[in-house]
Structure formats: structure tokens, C-alpha cells
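Heads up: the sequence shown runs through residues 1 to 230, numbered per UniProt numbering.
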Amino acid sequence: MASQRDKLTAVTNLDPASYVPGLSWAEDSADDGVDPNPPAWSGRPRGIQPTTVPIALVLGESERAAVLLTTVQAYPSGVSMIVSAHLRTPVAGDDIGEPISDGRLQLTIELPDGQRLTGTEPLPEYEHPNAQRLRPHQPEDDEWVPEHAVLRRLGGGRSESVLDQEYWLWPLPMSGRLRVSCQWLEQDISLSSHELDAQLFRDAAAQACPVRVERVLGPAFGEQAIAGSP
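Here you go:
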């Protein structure tokens with residue numbers, strides 16, 4: 001198994017607000033069908049401007065493809081990361097994370113406490129004590145959290161030969177070494193592992209801040225001005 005330690009490249013020219021799909025703002029969404037206070041383990045928190053962790057990592061590569069860890073953003077409650085697959089020959093489909101076969105792209109994150117996550121585990125929603133709605137909703141239901149870390153797939157996108165998948169890692173990792181492993185046998189990428197210092201995420205998360213949105217209506221479309229909260 002090939003191993004690389006801290007193969008990091010500074011990223012200074014990425015605009016996270018334009019690159020990460022669905023960046024959330026502090027808006028009242030009671031009438032748009034979106035939970036204004038989603039559980040922390042379910043995805044990026046609303047109303048928080050994250051801090052971009054200045055790293056990029058080549059997870060694996062071959063003559064046919066390369067898999068990159070690109071935009072990484074830290075929140076107080078967790079980490080959003082984009083895994084980007086670049087292919088010489090386009091492939092059908094737009095999901096790079098579902099292990100339909102042993103040859104599909106497989107990502108594993110091992111946390112400093114030893115937990116191993118792949119992003120294909122059953123969703124935490126199914127573990128909720130009232131998941132089947134067998135009783136009326138209780139206030140304490142909103143306080144429930146999984147007893148383990150969560151890595152879940154969020155939005156994704158693709159072009160002719162580039163496939164992106166966003167992952168949400170909850171909670172914010174504790175200090176220590178975090179190992180990311182990648183394998184994609186269909187594209188001749190053998191298993192490789194890379195270690196990161198989780199303190200990078202913690203330091204970035206400490207700089208995240210609340211944001212507010214002021215909506216100014218234009219002649220035909222609404223325009224948004226984003227400002228950091230004091």
C-alpha cells in the first residue's frame with residue numbers, strides 16, 4: 001500500500017462561496033420547506049461563514065484518472081470537503097461515492113480516535129429513537145445526536161470528465177492524525193493513504209463566524225448582499 005504523509009499544496013485562489021454548492025446564509029426559511037435549524041450531523045450549518053482550510057491533496061492517480069481533495073471548509077460543528085475525480089475518458093453517471101462494485105471509487109476517513117468512515121454507512125436518521133414515527137414528536141427528539149462520527153455525502157456535480165462530490169464530516173475532529181484513503185480499481189488507482197493534522201481543521205473552524213443577509217430587491221430579481229456579523 002502506497003503511503004504519502006502530509007502531501008499538501010497551499011490553495012490561495014479558490015472562491016469557496018462560488019465553488020461549494022448551496023452555501024447557506026442566515027435566512028428565515030420557514031416558508032421554503034427547509035429546516036432553519038437542521039441537526040449539526042446532517043450537513044453544513046446555516047448562518048455560518050466557514051473558513052477555508054488552505055490545503056489540496058492528491059488522493060490517488062493513474063494514467064486514466066486522478067482523485068483530488070480540493071475545497072475543504074471548516075465549521076465549528078464539522079468539516080465540508082469536495083472530492084473531485086478527473087478522468088481522461090468520460091464515464092456514465094454522476095455519483096463517485098456509491099460502491100456499486102468493488103471497482104468503484106472508495107473513500108475512507110480514519111479519525112484520530114480510530115473511527116473509520118466511508119460515507120456509505122446508513123444515515124443517522126434511521127438510528128433516531130423515533131425514526132418510524134411510532135409516537136408524537138417530543139422536544140427531546142430535537143436534542144438527539146448519533147453516538148458515533150458521521151461522514152455523509154451532500155451535493156455533487158459533473159462536467160464531461162470531472163465529477164465532484166461534497167462530503168460532510170461531523171463532528172469537528174479532535175486533535176491528532178487523520179488518515180484519508182482512496183481506491184478506484186476501475187480507473188487503475190490502487191489503495192493509497194495520506195495523513196493530515198486534524199489541528200488544521202480545528203484552527204480554521206475557530207475563525208468561522210456568523211453571517212447575515214440583507215435582501216435588496218432589484219428591478220426583476222432579488223440581489224443579496226452578504227456581510228459578516230459584528
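Heads up, the beta-carbon is just placed ideally off N, CA and C, and yes, glycines get one too.
Every value quoted in this text rests on a predicted model; they were computed, and no experiment measured them.
Here Q165 is buried: its Cβ has 16 or more other Cβ atoms, across all protein chains shown, within 10 Å. Shown here, P76 sits in coil according to DSSP, grouped into three states, outside any helix or strand. For L191, the uninterrupted beta strand (DSSP E) segment begins and ends at 189-197. Inside the stretch 106-181, DSSP marks whole beta strand (DSSP E) runs of 3 or more residues at positions 106-110, 150-158, 162-170, from first to last along the chain. Closest option to M174, judged by alpha-carbon separation, among N130, A205, R88, L134: A205. P45 counts as buried, since at least 16 other C-beta atoms from the protein chains shown sit within 10 angstroms of its C-beta.
Using a C-beta cut-off of 8 angstroms, the stretch 127-140 makes no contact with the stretch 192-208, since fewer than three inter-stretch Cβ pairs fall below that distance. The alpha-carbon separation between L178 and G114 amounts to approximately 9 angstroms. DSSP lists I189 as the beta-bridge partner residues of W184. Burial is judged here by how many other beta carbons sit within 10 angstroms of a residue's own beta carbon; P124 has at least 16 and is buried. With distances taken between CA atoms, G103 lies nearest to C182 out of L117, C182, V83.
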